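A.B. asks: Residue numbers for the sequence shown follow the working numbering, so the first one is 250 and each next one is one higher. We put the beta carbon where it would ideally sit given N, CA and C, even for glycine. In this text, all values refer to a predicted model and were calculated from it rather than measured experimentally.
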Amino acid sequence: LLLEMMSDGGGILLRRDLVLRRARVDSLEKVRSLNLWGCKLSNVELLRSLPSLQVLNLSCNELTSLESLANCTKLKDLYLRQNRLGDLRQLQHLQPLASLQSLWVENNPLSRVSGYRRKVVQLLPQLKYLDNKAVSEEERQQPLVQEEQQEKPMPSSASSTTSSNVLKAVLCLLGELDHSSLTELQKEVAKLLD
Numbered sequence: 250l251l252l253e254m255m256s257d258g259g260g261i262l263l264r265r266d267l268v269l270r271r272a273r274v275d276s277l278e279k280v281r282s283l284n285l286w287g288c289k290l291s292n293v294e295l296l297r298s299l300p301s302l303q304v305l306n307l308s309c310n311e312l313t314s315l316e317s318l319a320n321c322t323k324l325k326d327l328y329l330r331q332n333r334l335g336d337l338r339q340l341q342h343l344q345p346l347a348s349l350q351s352l353w354v355e356n357n358p359l360s361r362v363s364g365y366r367r368k369v370v371q372l373l374p375q376l377k378y379l380d381n382k383a384v385s386e387e388e389r390q391q392p393l394v395q396e397e398q399q400e401k402p403m404p405s406s407a408s409s410t411t412s413s414n415v416l417k418a419v420l421c422l423l424g425e426l427d428h429s430s431l432t433e434l435q436k437e438v439a440k441l442l443d
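1) Taking Cβ positions, are Leu318 and Leu334 nearer each other than 8 Å?
2) What did DSSP end up calling Leu263 once you bin it into helix, strand or coil?
3) Using a Cβ distance threshold of 8 Å, determine whether the stretch 298-308 contacts the stretch 318-331, with at least three qualifying pairs required.
4) What alpha helix (DSSP H) runs, 4 residues minimum, are completely inside the stretch 306-364?
5) Is DSSP giving Val268 helix, strand or coil here?
6) Measuring CB to CB, does Leu312 end up less than 8 Å from Leu340?
7) By Cβ distance, which residues of its chain are closer than 7 Å to Pro345, with the 5 residues on each side in sequence left out?
8) Within this structure, are the beta carbons of Lys284 and Arg271 separated by less than 8 Å?
9) Are any of the Cβ atoms in chain C nearer than 8 Å to that of Gln435?
10) Would Leu442 be called buried (16 or more neighbouring beta carbons within 10 Å of its own) or exposed?
11) Spatial neighbours of Val370 within its chain, please: C-beta separation below 8 Å, excluding the five flanking residues on both sides.
12) If the criterion is Cβ atoms closer than 8 Å, does the pair Asp275 and Leu269 meet it?
13) When the Cα atoms are used, what is the spatial distance from Lys382 to Glu437?
14) Which same chain residues end up closer than 7 Å to Val280 when comparing Cβ atoms and leaving out the 5 residues on each side of it in sequence?
15) Buried or exposed for Gln228, going by 16 or more other Cβ atoms inside 10 Å?
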């Protein structure tokens, strides 16, 4: 299929005619399942007009925001792999989606955040599957235990050891940078110190 999309200056925009053709329906209200895999979309505002949508594949696009999905309250399965989602807070837009059972969001920058899976399960407790893996009851309980542990102050010796380990890791990574990258990093560090 030749994709009919337009650039609005802010990226590739999802258009009504593409949605209708892909879903093989005559009105947006009838769209139940939609596969937009690999369309290079960065703007999916039109999804706000799909109240009956239950299955949506937006994998392999250029998305940075999930705000347009907040109205898709019947959504059950959502595939968002390999986009540009960098902020876990974007998943807050999925909280109103009480029917959402399966979310696949790995291979996005946000999936590399420490404690990613635990944080997503805590944020979206209705999920039964995350990244094609069942969410266990233990995982649902884990956020409470983790938060309780975080409230306890860390002994100063442990804090010192952690700082030392972080410093060693940073120094190791610095050894991998070329001269121009190191120069750029030096400028950024100077800005932070000013």
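C.D. replies: On the basis of the supplied data:
1) no
2) coil
3) yes
4) none
5) helix
6) no
7) Ala319 and Thr322
8) Going by the sequence as given, residue 284 is Asn instead of Lys. Closer than 8 Å, so yes.
9) Absence of chain C from the displayed structure is noted, only one protein chain being present.
10) exposed
11) Leu376, Leu379, Val384, Glu388, Arg389, Gln391 and Pro392
12) Yes, the Cβ-Cβ distance between Asp275 and Leu269 is below 8 Å.
13) 39 Å
14) Val268, Ala272, Val274, Leu299, Ser301 and Leu302
15) For residue 228 there is no data in the structure shown, the boundaries of the chain being 250 and 443.
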